[in-house]
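Residue numbers (my numbering): 179 to 457.
A quick write-up on the structure given underneath.
So this is what it looks like as structure tokens:
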């Protein structure tokens with residue numbers, strides 16, 4: 179798929195076009211695209227925010243390496259309102275505008291941000307999964323960024339299953355350490371197929387610093403451990419477009435958003451999830 183290089187110093191002004199028509203078609207068809215160079219000037223800013231979270235994790239900070247596994251796989255999310263660098267990226271970068279273009283939305287809200295680091299020699303993989311079943315939202319006009327903050331290789335890059343956002347049912351969400359169901363009632367979900375059987379088109383993106391992988395909340399994705407000699411830091415932010423609504427999934431979601439006080443079908447509240455772009 180073709181990509182275009184944009185001027186990363188320009189804010190997300192309403193008149194700016196960030197995506198080609200081919201990219202928009204590819205996003206709808208495949209559920210994922212690579213955008214080249216657009217966040218090059220943001221890498222150092224995001225690294226600074228990343229370090230602040232590592233030095234002072236939030237309430238959701240979690241170490242994922244256990245038992246006989248090696249290395250370190252740390253993640254944390256929902257810190258953007260206390261980390262100025264992340265807040266600036268959400269409000270001033272073209273990230274939200276690009277999601278608006280990719281999804282055809284008139285308005286875009288921020289859902290949350292997420293940091294992940296796999297230190298050298300980390301054996302823990304990120305299992306194949308969809309994000310949406312873990313979330314308290316439903317909808318098709320969604321966009322999640324994966325932005326590497328260190329050079330990546332095919333051996334430690336995030337991988338996506340093209341077209342999986344159009345599967346007829348959502349995949350059963352599970353707890354990665356035990357594969358136990360995330361929710362008590364999960365009969366409406368489907369089991370994850372064998373992604374590695376050769377029947378699916380898997381994209382392993384070739385990315386440089388400043389590039390971004392953008393994918394739908396329903397797109398199946400996963401990542402190997404990090405057996406390279408270098409850190410693998412990645413910054414993510416999830417944005418919501420016009421058709422996204424709250425859903426009660428019958429249990430605590432991830433992130434939990436306790437006290438949200440919404441009913442299934444309600445638009446997501448703007449005081450918690452601000453509108454950061456309008457067409």
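C-beta: ideal position from N, C-alpha, C; glycine also.
Residue i, enclosing beta strand (DSSP E) - first and last residue
i           : result
residue 296 : 285-296
residue 255 : 251-255
Residues near residue i by beta carbon distance below 7 angstroms, same chain, minus five either side
i           : result
residue 243 : 249, 250, 251, 300, 302
residue 261 : 227, 230, 231
residue 440 : 424, 447
residue 445 : 423
residue 217 : 186, 271, 325, 388, 390
residue 213 : 181, 276, 389, 390, 392
residue 330 : 385, 410
residue 352 : 358, 359, 360
residue 369 : 350
Own chain residues within Cβ distance below 8 angstroms of residue i, not counting five before or after
i           : result
residue 334 : 296, 401, 402, 403, 404, 405, 406, 410
residue 188 : In this predicted model, residue 188 has a pLDDT of only 49, less than 50, meaning its place in the structure is not dependable; the value taken from the coordinates is given anyway. 194, 272.
residue 453 : 285, 286, 287
residue 435 : 314, 450
residue 274 : 190, 268, 286, 288, 417, 454, 455
residue 279 : 195, 196, 197, 202
residue 266 : 223
Where residue i sits in the DSSP three-state scheme
i           : result
residue 223 : helix
residue 422 : coil
residue 229 : helix
residue 373 : helix
residue 451 : coil
residue 241 : strand
residue 436 : coil
residue 395 : coil
residue 413 : strand
residue 445 : strand
Endpoints, alpha helix (DSSP H) assigned at residue i
i           : result
residue 203 : 199-208
Nonlocal neighbours in the same chain, by C-beta distance under 6 angstroms from residue i, ignoring five residues either side
i           : result
residue 394 : 209, 320, 343
residue 263 : 223, 226, 227
residue 283 : 319, 419, 420
residue 443 : 423
Minimum Cβ-Cβ distance from residue i to chain B less than 8 angstroms
i           : result
residue 321 : Absent here is chain B; the protein component of the structure consists of one chain.
**Request:** With a floor of 4 residues, list each alpha helix (DSSP H) that falls wholly inside the stretch 266-347, ordered by position along the chain.
**Result:** 273-281
**Sufficient close CB pairs (3 or more, under 8 angstroms) joining the stretch 315-328 to the stretch 374-382** = no
**Asked** Is it a yes or a no for the stretch 352-365 touching the stretch 414-423, going by three-plus beta-carbon pairs under 8 angstroms?
**Response** no
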